[in-house]
């Protein structure tokens, strides 16, 4: 689709924004905002909130929902998480676009990877630093896209909602309800996770679930009263074996038993063992099959005399399919990219993000509209500087095409 309106005139306000965006992203990324570093998240928010308010959006804050976690001793505890920051305008608009991102990163405040450096190699100029791609760079792209859209003659036709959460990297448990609520009131979603290093977008996304099972036995001295003990680690091994047997029974479904904690000393029969696992599936049926079979294994028992098992967790990121309204939105993004001279393609991924949550609430969305970058979640993370302005133009053009009526609004999805 070639646009009839000369949108490039309205997008030209983003031209020349590269150095401003470099400065903004560097400033935000130089402030640590690991998911557990709430003071750091607040410091980043103190800079981000005024920037979005200056773009003409009203701001609001929502406290995080309670999140529980099983510690290494098998105790269910509540863990602190940051809240969500909301920005919006034109509350009475008939059409609404939801743009989402996250303030947190995977790097705790104690991590040595803390500062941004501007570098250049065969990839071109890039910012090397924590969160430059995932996703403080994406938040900056979102901001510039909104600013250009708000200066265009099409803005009055659409209401804008922005949601920035603080716990995406830990699964968005504290913000899931906020995401679902905003998704139900919007027509499309634009999520600013980084594109892949070659600029490809993520298409269909697998769904995911996290589970913890705590195995309880009875401690005893390994020398004097070994016979009185009930070994929780041995019991856990039986649970692990039974669950691992599920792998390979359903194509595209995996159950990864990833972490185990148990015991205190070799001369003590361990009375507690905690095992953590993750499941992935390509369809809602895959996830439900895995969930049902995990419960079946636990409920069947047979893990040893006086051995008890407690299960915690469940499915937390539903599957995101590349179909219906989401496919239509991908096609619109591809067409907009072509108008700007940007080649756009997408492919399925086993990773998850808040785009999964939005789709589960019925909102068609594209979730990798941020900067082009790579090596995320590692000390090699980078964001390609030459991608900043084009990606901001791409998102803004998608909004303008819809608001002007030159592009059709995608149909909503069936909620999961």
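Residue numbers (UniProt numbering): 1 to 416.
No residue lacks a Cβ here, since even glycine has one placed at the ideal position from N, Cα and C.
Report yes if the C-beta distance between residue i and residue j is below 8 Å; otherwise report no.
i, j, result
"residue 387", "residue 398", "no"
"residue 429", "residue 129", "The question about residue 429 has no answer, for the chain in this structure spans 1 to 416."
"residue 223", "residue 278", "no"
"residue 499", "residue 203", "Outside the displayed span of the chain (1 to 416) sits residue 499, for which this structure offers no information."
"residue 180", "residue 352", "no"
"residue 96", "residue 361", "no"
"residue 313", "residue 211", "yes"
"residue 25", "residue 33", "no"
"residue 70", "residue 274", "yes"
"residue 288", "residue 246", "no"
"residue 254", "residue 35", "no"
"residue 55", "residue 193", "no"
Tell me the residue span of the alpha helix (DSSP H) that contains residue i.
i, result
"residue 355", "354-360"
"residue 291", "284-300"
"residue 182", "176-184"
"residue 134", "Where residue 134 is concerned, there is no enclosing alpha helix (DSSP H), given that its DSSP letter is neither H nor E."
"residue 47", "38-54"
"residue 203", "Premise fails: residue 203 lies in the beta strand (DSSP E), 201-205, not in any alpha helix (DSSP H)."
"residue 330", "324-339"
Using three-state DSSP, classify residue i as helix, strand or coil.
i, result
"residue 220", "strand"
"residue 117", "strand"
"residue 367", "coil"
"residue 102", "strand"
"residue 439", "One cannot answer for residue 439 here, as it falls past the ends of the chain, which runs 1 to 416."
"residue 215", "strand"
"residue 348", "strand"
"residue 414", "coil"
"residue 246", "coil"
"residue 6", "coil"
"residue 383", "strand"
"residue 320", "strand"
"residue 396", "helix"
"residue 230", "strand"
"residue 343", "coil"
"residue 167", "coil"
"residue 404", "helix"
"residue 66", "coil"
"residue 303", "coil"
Between residue i and residue j, which are expected to be in contact by the criterion C-beta below 8 Å, what is the C-beta distance as a whole number of angstroms?
i, j, result
"residue 375", "residue 126", "Between residue 126 and residue 375 the Cβ distance is about 10 Å, and since that is not below 8 Å, they are no contact."
"residue 395", "residue 21", "Contact doesn't hold; Cβ gap of about 13 Å is too wide."
"residue 411", "residue 355", "17 Å between Cβ atoms; not a contact."
"residue 263", "residue 233", "6 Å"
"residue 364", "residue 188", "6 Å"
"residue 164", "residue 146", "So it is not a contact: roughly 12 Å between Cβ atoms."
Rounded to whole angstroms, what's the CA-CA distance from residue i to residue j? Just pull it up for me.
i, j, result
"residue 8", "residue 78", "50 Å"
"residue 280", "residue 368", "20 Å"
"residue 199", "residue 391", "10 Å"
"residue 74", "residue 191", "36 Å"
"residue 226", "residue 309", "21 Å"
"residue 160", "residue 370", "18 Å"
"residue 31", "residue 53", "20 Å"
"residue 27", "residue 220", "55 Å"
"residue 12", "residue 413", "34 Å"
"residue 303", "residue 272", "13 Å"
Residue range of the beta strand (DSSP E) that residue i falls in?
i, result
"residue 189", "188-191"
"residue 124", "124-128"
"residue 78", "76-78"
"residue 84", "84-88"
For chain C, check one thing: does any of its Cβ atoms lie closer than 8 Å to the Cβ of residue i?
i, result
"residue 370", "Among the protein chains of the structure shown there is no chain C, as only one such chain exists."
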